[in-house]
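These notes are about the structure you will find just below.
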Amino acid sequence: MSVPLGPHGNGRRPAGAYRFIWLIAIDDFAALCAAARTHGNGLMEVTARGSLQIRGLTATSAPQFASAVAALDVPVDNHVPVLVSPLPAHPTARFDARGLAVETRRAIDARGLDLAPKVSVAIDDGGPISLDSLAADIRLRAVGADTAPQLLLSVGGDHETAAPLGLARFEDAARLVVDLLAVLAESGTHARARDVAAREGPHPFARAGGSRIEATFVRPAMRITETIGLHRLHGGACAIGVALPFGQTHALDLIALARVAGANGADWAALAPQRTLLLGPIDEMTAFALGTAADTLGFIVDARDARRRIAACAGAPACASGYIRSRELAARIAERLPQGGFALHISGCSKGCAYPRPAPVTILGTAQGPRIIEGESVAQLPYGDPYTDDIVAETVRRIAAENEDA
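Written out as structure tokens, the structure is:
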């Protein structure tokens, strides 16, 4: 099944998956959630990369939902994703990432490259929401002096894993991105930058950039920023970030939150990394009141919330591949988690969608029942029902042991 993807219908986006380019008017966001309830099963997700997933769409209802979205004034991204900070014109931004993103999208469209479906570009303006943890095929990141920032160009990963190419000038950036994407197009319709770099090193990309890339640079440390909480904008205005528990909630809760936000002066909603929803612009007192309302509705308003330490996929029954109800189990374990860093990945099946890298402890749903994985150690859990107190206690025990060994 596929969803019509707007005027271009180019098949870049999976069924029910939406990425929004800029801000969404608060009333349009509420209408979008209402459409998700009407045409899907009402469950909505914000991913770790800040995309929206609509659950429960069928072959019949998916086109109807897409038509409902098309009737709204929402800026759906139907092309190669160009990721930027979701906060508009933040005072600490080093350059206009949104303007550069518009220029880059136009240049990509004009070139007409045939690229792999998940190819993406990340443009990090150095503002309060870092994109360092997001993997992308082509990365641009602000470095250097505030008065004349340059862009660190790298390919095939997040800030730490991508292959660095060097520094580029702002005025060259959009054309450079297209020329680097052309390297992927020439490598085949399934080529990704990480694969090309692993096979051939950064050399094909460096050749495509030529003299526009200055190879001498010092890669800065990775920036870890927080999306939850208060964000100060221009002129004393603020935005507040609240996270969806395990990235998922019901459309009715989002509608209620949007209505409270709108009634208190918020004009827009925006999706952000770390499964977060931003609402603004509002004053500081209103932001705290809105945070209280969000907490009452079950959203995460404290960055220290234990639910943020667990990555859990949709699981059964929302996902046909899931063998266990991942998020139900995650909620029970979160209530008993010891203090510490990232603790647990719960995957309904072997795909590992919620956390596609090694985790300290993983619970994996299989046809034979749940398995628990620590590093390279895999054990079949002796419990037929994965929601019993036994599995919760065993998981918490193992996480506590991991924390003691760390």
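Oh and the sequence shown: position 311 is 311 in full-length UniProt numbering, straight run, nothing missing.
Even glycine gets a Cβ: it sits at the ideal position worked out from N, Cα and C.
Given the structure is predicted, the values throughout are model-derived calculations rather than measurements.
Neighbourhood of R398 by C-beta distance below 8 Å, restricted to the same chain and skipping five residues each side: The residues are V361, I372, E374.
Residues bridged to E45 [DSSP beta-bridge criterion]: BP columns for E45 point to Q53, Q248.
Unbroken alpha helix (DSSP H) run spanning L100, endpoints: Here the alpha helix (DSSP H) through L100 covers 97-111.
Three-state secondary structure (DSSP) of S377: In this prediction, S377 scores a pLDDT of 47, lower than 50, which makes its location untrustworthy; no coordinate-derived value is stated.
Environment of T38 [buried if 16+ CB atoms lie within 10 Å]: By the 10 Å Cβ count, T38 comes out exposed.
Neighbour-count burial assignment, P75, 16 or more Cβ in a 10 Å radius: Classification for P75: exposed.
Beta-ladder partner(s) of V82, from DSSP: V82 is bridged by DSSP to V121.
Own chain, CB closer than 7 Å to V260, minus 5 neighbours either side, in chain order: Hits under 7 Å: L290, A293.
Supposed close pair A68, A35 - CB separation, criterion 8 Å: With 8 Å as the limit, A68 and A35 qualify as a contact, their Cβ atoms being about 4 Å apart.
Buried versus exposed call for Q248 [16 or more other C-beta atoms within 10 Å across all chains shown]: By the neighbour-count criterion, in which 16 or more other beta carbons inside 10 Å mark a residue as buried, Q248 falls on the buried side.
Alpha-carbon spacing of I391 relative to A330, whole angstroms: Using only the alpha carbons, I get a separation of about 11 Å.
Straight-line gap, A135 to R49 (C-alpha atoms, nearest Å): As the crow flies, the alpha-carbon of A135 is around 9 Å from that of R49.
Cβ pair count under 8 Å reaching 3, the stretch 79-93 against the stretch 55-69: With the cut-off at 8 Å, the stretch 79-93 and the stretch 55-69 do not touch.
Span of the alpha helix (DSSP H), counted from its first residue to its last, around T38: Looking at the DSSP string, the run of the alpha helix (DSSP H) that includes T38 is 26-39.
First and last residue of the uninterrupted alpha helix (DSSP H) at R141: First-last for R141: 136-143, but that is the beta strand (DSSP E), not the alpha helix (DSSP H).
Close-in-space but distant-in-sequence residues of the same chain around R12 (CB under 6 Å, 5 per side omitted): Below a pLDDT of 50, predicted positions are generally treated as unreliable, and R12, at 48, falls in that range; no measurement from the model is reported.
G384 to R325 span [Cα, whole Å]: The predicted position of G384 is uncertain, since its pLDDT is 48 and thus under 50; a value taken from the coordinates is nonetheless stated next. If you take the alpha carbons of G384 and R325, they lie about 13 Å apart.
Minimum length 3: unbroken beta strand (DSSP E) runs contained in the stretch 272-315: Counting only runs of 3 or more, we get 276-282, 310-312.
Residue interval of the alpha helix (DSSP H) (run including P360): First-last for P360: undefined, no H or E at that position.
Cβ-based neighbour list, V396, same chain, cut-off 6 Å, excluding 5 preceding and 5 following: Within its own chain, the residues whose Cβ lies closer than 6 Å to the Cβ of V396, once the five positions on either side in sequence are excluded, are R336, listed in chain order.
Three-state secondary structure assigned by DSSP to G369: If DSSP states are grouped into helix, strand and coil, G369 belongs with coil.
V378 versus Q368: straight-line alpha-carbon distance, rounded: Model confidence at V378 stands at a pLDDT of 45, short of 50, so the residue's coordinates are unreliable; what they give is reported in the following sentence. Rounded to whole angstroms, V378 to Q368 spans 13 Å at the Cα level.
Environment of T47 [buried if 16+ CB atoms lie within 10 Å]: T47 should be labelled buried.
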